[in-house]
Amino acid sequence: MATSKDRQTLKLAVCLFDDVTTLDFQGPLEHLGFLARWNVVETAPPFTRIDSKFIIDSVFLGPSTDPVRPCTGPLMIPTRTYDSVGEDEQFDMILVPGGPGAQPEAVPPSLLSFIKRQAPGATYVLSACTGSWVLAHAGVLRGKRATTNKASLQLIRDLTTELGVTWVAKARWVVDGKYWTSSGVTAGIDMSIAFLTHLIGEALTTKIRGLSEASVRGEGDDEYAEFHGLV
Numbered sequence: 029m030a031t032s033k034d035r036q037t038l039k040l041a042v043c044l045f046d047d048v049t050t051l052d053f054q055g056p057l058e059h060l061g062f063l064a065r066w067n068v069v070e071t072a073p074p075f076t077r078i079d080s081k082f083i084i085d086s087v088f089l090g091p092s093t094d095p096v097r098p099c100t101g102p103l104m105i106p107t108r109t110y111d112s113v114g115e116d117e118q119f120d121m122i123l124v125p126g127g128p129g130a131q132p133e134a135v136p137p138s139l140l141s142f143i144k145r146q147a148p149g150a151t152y153v154l155s156a157c158t159g160s161w162v163l164a165h166a167g168v169l170r171g172k173r174a175t176t177n178k179a180s181l182q183l184i185r186d187l188t189t190e191l192g193v194t195w196v197a198k199a200r201w202v203v204d205g206k207y208w209t210s211s212g213v214t215a216g217i218d219m220s221i222a223f224l225t226h227l228i229g230e231a232l233t234t235k236i237r238g239l240s241e242a243s244v245r246g247e248g249d250d251e252y253a254e255f256h257g258l259v
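In the working numbering, the protein residues as written are 29 to 259.
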């Protein structure tokens with residue numbers, strides 16, 4: 029059993045912006061959230077407690093602390109702004125969702141600047157759906173393999189030819205080093221399970237799956253590549 033002395037806290041930046049797709053970040057967070065401090069410590073309820081050596085502390089960032097308007101669902105209030113993160117602060121993990129607001133002309137400049145500053149020093153960088161387009165636009169996917177929403181993949185591929193990204197058409201998610209990118213919307217949930225298996229092992233991740241009752245797909249289980257005529 030892990031003790032407080034053994035545990036490592038991973039600071040997660042959840043990137044928010046107007047016209048974000050809520051499930052892109054909330055889906056993965058439903059699983060990553062099982063490693064929140066309250067559920068890992070010894071006082072957590074036994075039936076939900078995850079005896080992990082990692083704790084994930086999530087911080088919700090936005091262009092300002094004004095409410096963010098997602099595509100659907102209620103307004104969300106960021107905890108902090110992108111510009112408030114100074115040079116002496118480093119996030120361990122970054123999660124970038126997608127949505128209409130992930131298009132280059134809509135992405136807040138402060139978000140791109142944040143990614144450029146933080147991605148090189150982060151241990152893990154994750155994206156769901158067209159969040160990988162934001163990462164590509166920030167220049168951090170050069171020389172990397174990645175995937176994205178299959179309805180948008182060809183357009184994104186055409187618009188990022190000079191950014192050095194190898195876009196993988198048939199993949200539920202793609203891992204290239206510390207970069208984890210998933211296909212459209214619900215694929216972020218599948219990616220989060222694979223990521224947790226990598227981070228804390230299969231046994232604890234299976235317990236989390238049992239608590240969330242998640243049926244997940246494998247990395248290559250991607251029917252939508254064919255659906256959208258990509259293969």
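We treat Cβ as the ideally placed atom computed from N, Cα and C, and that holds for glycine.
As assigned by DSSP and simplified to three states, the class of residue i
i: Ile-221; result: helix
i: Ile-78; result: coil
i: Thr-209; result: strand
i: Leu-262; result: The structure shown has nothing for residue 262, since the chain only spans 29 to 259.
i: Asp-52; result: helix
i: Ile-275; result: Any answer about residue 275 is impossible in this case: the structure gives the chain only from 29 up to 259.
i: Val-153; result: strand
i: Leu-123; result: strand
i: Val-96; result: strand
Residue from the options with nearest C-alpha to residue i
i: Glu-58; options: Thr-71, Val-48, Thr-76; result: Thr-76
i: Leu-169; options: Ile-143, Ala-179, Lys-178; result: Ile-143
i: Ala-41; options: Ile-236, Thr-234, Tyr-152, Arg-65; result: Tyr-152
i: Gln-36; options: Ala-242, Thr-233, Glu-251, Leu-227; result: Leu-227
i: Gly-126; options: Glu-247, Gly-212, Asp-250, Ser-243; result: Gly-212
i: Ser-80; options: Leu-183, Val-87, Gly-90, Phe-62; result: Phe-62
i: Ala-64; options: Val-87, Thr-49, Glu-133; result: Val-87
i: Thr-234; options: Ile-78, Leu-89, Gln-131, His-165; result: Ile-78
i: Gly-167; options: Leu-224, Gly-101, Gly-248, Leu-140; result: Leu-140
Distance between residue j and residue i (C-alpha atoms, nearest Å)
i: Ala-231; j: Arg-200; result: 22 Å
i: Ala-156; j: Ile-105; result: 20 Å
i: Asp-46; j: Ser-138; result: 13 Å
i: Pro-74; j: Leu-239; result: 12 Å
i: Leu-123; j: Asp-85; result: 12 Å
i: Gly-129; j: Ser-220; result: 22 Å
i: Gly-192; j: Gly-257; result: 23 Å
i: Asp-34; j: Leu-187; result: 46 Å
i: Leu-181; j: Tyr-110; result: 27 Å
i: Glu-254; j: Val-96; result: 34 Å
i: Val-202; j: Val-135; result: 23 Å
i: Leu-60; j: Glu-251; result: 25 Å
i: Lys-198; j: Thr-214; result: 15 Å
i: Val-68; j: Gln-146; result: 26 Å
i: Lys-178; j: Trp-195; result: 10 Å
i: Thr-107; j: Asp-94; result: 10 Å
Strand pairing of residue i, partner residues [DSSP]
i: Phe-88; result: Val-42
i: Asp-173; result: As written in the sequence, residue 173 is Arg, which differs from the Asp given in the question. DSSP output for Arg-173 lists Thr-194 as bridge partner(s).
i: Asp-204; result: Tyr-207
i: Thr-109; result: Gly-90
Please determine if the segment 196–215 and the segment 160–170 are in contact, where contact requires at least 3 C-beta pairs separated by less than 8 Å.
yes
Using a Cβ distance threshold of 8 Å, determine whether the segment 173–184 contacts the segment 114–121, with at least three qualifying pairs required.
no
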